[in-house]
Structures are given as structure tokens and as C-alpha cells.
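If you're matching them up, the sequences are chains A and B in order.
Sequential numbering from 309 applies to the first sequence in the working numbering.
Sequential numbering from 161 applies to the second sequence in the working numbering.
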Amino acid sequence: GAVVSQHPSWVICKSGTSVKIECRSLDFQATTMFWYRQFPKQSLMLMATSNEGSKATYEQGVEKDKFLINHASLTLSTLTVTSAHPEDSSFYICSARGSPYNEQFFGPGTRLTVL
Amino acid sequence: QQQVKQSPQSLIVQKGGISIINCAYENTAFDYFPWYQQFPGKGPALLIAIRPDVSEKKEGRFTISFNKSAKQFSLHIMDSQPGDSATYFCAANRGGKLIFGQGTELSVKP
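Shown next as C-alpha cells:
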């Protein structure tokens with residue numbers, strides 16, 4: 309299968325600051341990337357879908373001005389959590405899909421803690 | 161209609177036993193049903209997947225049974241091992257988006 313990486317693997321920040329998380333497809337070109345959020349002991353909830361070179365499509369209830377997504381190349385997408393607050397603390401996971409694969413491959417996740 | 165309901169929430173199985181996790185869905189537009197395994201602090205990894213035109217798929221110790229008329233599918237883990245202890249998620253795909261079940265925390269006792 310394909311490999312997707314995320315950086316950083318964990319981050320702690322102060323309330324009110326912004327944090328950027330990177331998602332990279334290492335051995336294939338990801339035409340579509342997805343961002344999920346997972347709270348402890350809960351399922352993955354899709355936040356947004358991004359296609360390379362296009363604006364991200366956000367799921368209902370996800371604030372697009374708070375969670376900025378950029379997918380400027382076929383191997384990199386970034387999620388920026390702006391003006392983070394403690395309630396944004398969560399496990400953020402990206403996934404990628406692209407030729408020759410039909411399925412999504414998931415990154416290892418980024419643990420965000422906002423103090 | 162977009163929900164995927166998964167049960168049980170948690171499962172304890174003895175080593176060598178069979179682990180069975182069930183999922184049900186409503187939306188007949190779902191066209192692909194994967195199962196993921198997730199260890200604590202890690203991203204989910206694809207285990208096995210099935211399309212609705214197939215009733216069963218087996219890969220090693222993992223088998224998906226799919227009942228299209230009942231809109232249900234299940235994961236069977238044969239000869240369960242302590243290393244299988246993880247959280248398992250079923251999912252359903254529509255339009256390239258995955259809808260995940262609530263997850264099942266499996267514990268395999270030695």
C-alpha cells in the first residue's frame with residue numbers, strides 16, 4: 309500500500325495561537341486528501357475534502373475560517389487550526405487518495421493539545 | 161441515512177477464538193465497505209474491504225460477510241491473537257467519502 313506521513317506527530321500550543329499540520333503522500337500523487345478529527349474513544353469524523361489546486365469542501369458544522377486547508381501540490385496538504393482553543397484539542401488524521409489507488413490511505417495522525 | 165451503525169462497542173475474546181463485529185447501514189448508494197484497524201495513537205490501517213456485489217471476502221484470518229438485502233456486513237477474525245487487540249472501524253463509501261462506524265474495541269486475552 310501507499311504511505312502517508314504527517315508532521316508533527318504531536319503538538320502543544322497556547323490558546324489563541326495557530327498550528328499547522330502537514331500531510332504528505334510519499335510514494336504516490338494524491339489528487340484528493342481528506343482531513344478527519346477523532347476525539348478519545350470516538351470514531352473518525354470527516355472535516356473536509358480537498359482536491360489538488362482547488363478549494364477544500366468542508367463538512368457541515370466545520371468552520372472553514374478556523375480550519376484552513378491548503379492542497380497546493382499532489383503530495384502535500386496542510387491543515388491550519390487558527391486561534392486554537394482547548395476544545396480544538398483532538399487527534400487530527402489525514403488521508404490521501406490518488407492514482408493508481410482507489411482507496412484512502414491514512415496518515416499516522418497528529419495529537420493537538422491546546423492549553 | 162448517512163449513518164453506519166457498529167456493534168458491539170467492545171469485545172473480549174480468548175486467544176484462538178473468533179471475533180465478530182457487525183455493521184449496518186441504510187443508504188443503498190454506498191458502494192464500498194472497508195474495515196480499518198487502529199492501534200492507540202496511530203492512524204487507521206485498511207484491513208480488508210468488499211463491494212456490494214460480493215457476499216464474502218477472505219484474506220488470511222480476516223473475513224467480511226456481506227448481506228446486501230439486510231444492509232449488514234460483518235468482520236470475522238479467526239484464531240484471534242493478542243496482537244489483534246485494537247479498535248476496529250467499519251466504513252461505507254459514497255462519492256469518495258467514507259462514513260465510519262462507531263468503532264469496536266477488541267481485547268484478545270492470552
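By construction, the Cβ of each residue, glycine as well, lies at the ideal position given by its N, Cα and C atoms.
Please state the DSSP three-state secondary structure of residue i.
i	result
E219(B)	strand
E395(A)	helix
P194(B)	strand
Examine chain B for any beta-carbon lying closer than 8 Å to the beta-carbon of residue i, and answer yes or no.
i	result
E411(A)	yes
T340(A)	yes
F414(A)	yes
G361(A)	no
G417(A)	yes
T357(A)	yes
Can you tell me whether residue i is buried or exposed, with buried defined as 16 or more other CB within 10 angstroms of its CB?
i	result
V164(B)	buried
L334(A)	exposed
W318(A)	exposed
A251(B)	buried
G417(A)	buried
P114(B)	No statement about residue 114(B) is possible, as the shown extent of chain B runs from 161 to 270 and does not include it.
I172(B)	exposed
L423(A)	exposed
V214(B)	exposed
G415(A)	buried
P394(A)	exposed
T365(A)	exposed
D373(A)	exposed
A356(A)	buried
One question on the structure: do residue i and residue j come within less than 8 Å of each other, judged by their Cβ atoms?
i	j	result
I237(B)	I224(B)	no
Q169(B)	F249(B)	no
A404(A)	C321(A)	no
F336(A)	S398(A)	no
S426(A)	V389(A)	The requested residue 426(A) does not occur in the structure, where chain A is confined to residues 309 to 423.
G189(B)	R254(B)	At residue 189(B) the sequence reads Ala, which differs from the Gly that was named. Going by C-beta atoms, A189(B) is nearer than 8 Å to R254(B).
G180(B)	S234(B)	Checking the displayed sequence, the identity of residue 180(B) turns out to be Ile instead of Gly. Yes, Cβ-Cβ distance for I180(B) and S234(B) is below 8 Å.
E186(B)	K257(B)	no
E219(B)	T247(B)	no
F222(B)	I210(B)	no
T421(A)	I329(A)	no
G263(B)	S391(A)	no
Q174(B)	G261(B)	no
A338(A)	T383(A)	yes
D191(B)	P212(B)	yes
Quick check: is the beta carbon of residue i nearer than 8 Å to any beta carbon in chain A?
i	result
F199(B)	no
G220(B)	no
L266(B)	no
F249(B)	yes
K257(B)	yes
L206(B)	yes
F193(B)	no
F190(B)	no
Q163(B)	no
F260(B)	yes
A209(B)	yes
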